[in-house]
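Student: Handing you this structure, nothing more for now.
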Amino acid sequence: MSNLFPFEYLQLVQKSFARLMYNDFLRNASSIDEAAKEKLGPFSTLSGDESYQSRDLEKASQQVAKPLYDAKVQPTTLIPKQVGNMYTASIYAAFVSLIHNKHSELDGKRVILFSYGSGLAATMFSLKLSEGQDSFSLSNIATVMSVAEKLKSRHEFPPEKFVEVMKLMEHRRFYAIKAGGNTTCQNGSVANGH
């Protein structure tokens, strides 16, 4: 099973996953190996507030979680690492990264997706993947998405150029919508979606 998180900051995802491991340890110490128990054991008597303030617990839980993080979360980080925070889209970028990196291993596997909003709302759901057939196969989806090629084809712009293009797009969109016309960019500075 893979775990997908919204990637606002990679370190936040690492800490969140480590906290899940610590919480699992508190609920059922037999869920982790002896070496992990030894590292987390000294923190088992902390109150909830104390546990959130403990830097030593944070470090220990990240050490314990690292092998599982590398297996279950790391394959989902390609696009988020390259593109950065996308808010709502970040969890789906993580899902695309997983399909890109592990499509041949996902048949019959369950994937957990967890996302939280600003405030008190959070959502966790799972997907059970199957290889599928023809154009709907995971391997074909990975091929069609061509993630690596799309990441390589990006162009670097200075911030001023980005602002200029965004203003142009806003202007064109406003007048195109007003006239009932096309809103796509024609000058080549912004790639059309595929």
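In full-length UniProt numbering, the protein residues as written are 1 to 194. Glycine is no exception: its CB is placed at the ideal position from the N, C-alpha and C atoms.
(1) Does the distance from the C-beta atom of L78 to that of K109 stay below 8 angstroms?
(2) Please report the straight-line C-alpha distance between E149 and S97, rounded to a whole angstrom.
(3) Let me know the secondary structure DSSP gives M166 once reduced to three states.
(4) Of all Cβ atoms in chain D, is any one closer than 8 angstroms to the Cβ of F43?
(5) Report yes or no: do three or more beta-carbon pairs, one from the stretch 61-78 and one from the stretch 34-51, lie closer than 8 angstroms?
(6) First and last residue of the beta strand (DSSP E) that includes T143?
(7) Do you know whose CA, among T88, K66, I99 and A18, lies nearest S146's CA?
(8) Report yes if the C-beta distance between A65 and A18 is below 8 angstroms; otherwise report no.
(9) Could you tell me which residues DSSP puts in a beta bridge with K128?
(10) Is the distance from the Cβ of T76 to the Cβ of A94 below 8 angstroms?
(11) For a quick check, are the C-beta atoms of K81 and L10 less than 8 angstroms apart?
(12) Leaving out five residues before and five after T143 in sequence, what residues of the same chain have Cβ atoms less than 7 angstroms from its Cβ?
(13) By DSSP's criteria, S97 is part of a beta bridge. Which residues make up the other side?
Tutor: Short version:
(1) The residue given as residue 78 occupies position 78 in the sequence shown. The residue given as residue 109 occupies position 109 in the sequence shown. In this structure, K109 does not lie closer than 8 angstroms to L78 by Cβ.
(2) If you number the sequence shown from 1, residue 149 lands on position 149. If you number the sequence shown from 1, residue 97 lands on position 97. Their Cα atoms are separated by approximately 13 angstroms.
(3) On the sequence shown, position 166 is the one that residue 166 refers to. Looking at M166 - three-state DSSP - the assignment turns out to be helix.
(4) The structure shown has no chain D; it contains just one protein chain.
(5) yes
(6) Taking the sequence shown and counting its residues from 1, one reaches residue 143 at position 143. No beta strand (DSSP E) contains T143, which is instead part of the alpha helix (DSSP H) from L138 to M145.
(7) In the sequence shown, counting from the first residue as 1, residue 146 sits at position 146. Taking only the C-alpha atoms, the option nearest S146 is I99.
(8) Translated into positions along the sequence shown, residue 65 becomes position 65. Translated into positions along the sequence shown, residue 18 becomes position 18. Against a cut-off of 8 angstroms, the Cβ pair of A18 and A65 comes out as a contact.
(9) Reading the sequence shown from its first residue, position 128 is the one you call residue 128. Answer is R110.
(10) On the sequence shown, residue 76 is found 76 positions in, with the first residue counted as 1. On the sequence shown, residue 94 is found 94 positions in, with the first residue counted as 1. Contact flag set, yes.
(11) Numbered from 1 along the sequence shown, position 81 holds the residue referred to as residue 81. Numbered from 1 along the sequence shown, position 10 holds the residue referred to as residue 10. Yes, they are a contact pair.
(12) Start at 1 with the first residue of the sequence shown, and residue 143 comes out as number 143. So the list is empty, once near-sequence residues are dropped.
(13) Position 97 of the sequence shown, counting from 1, holds the residue named residue 97. Beta-bridge pairing links S97 to no other residue.
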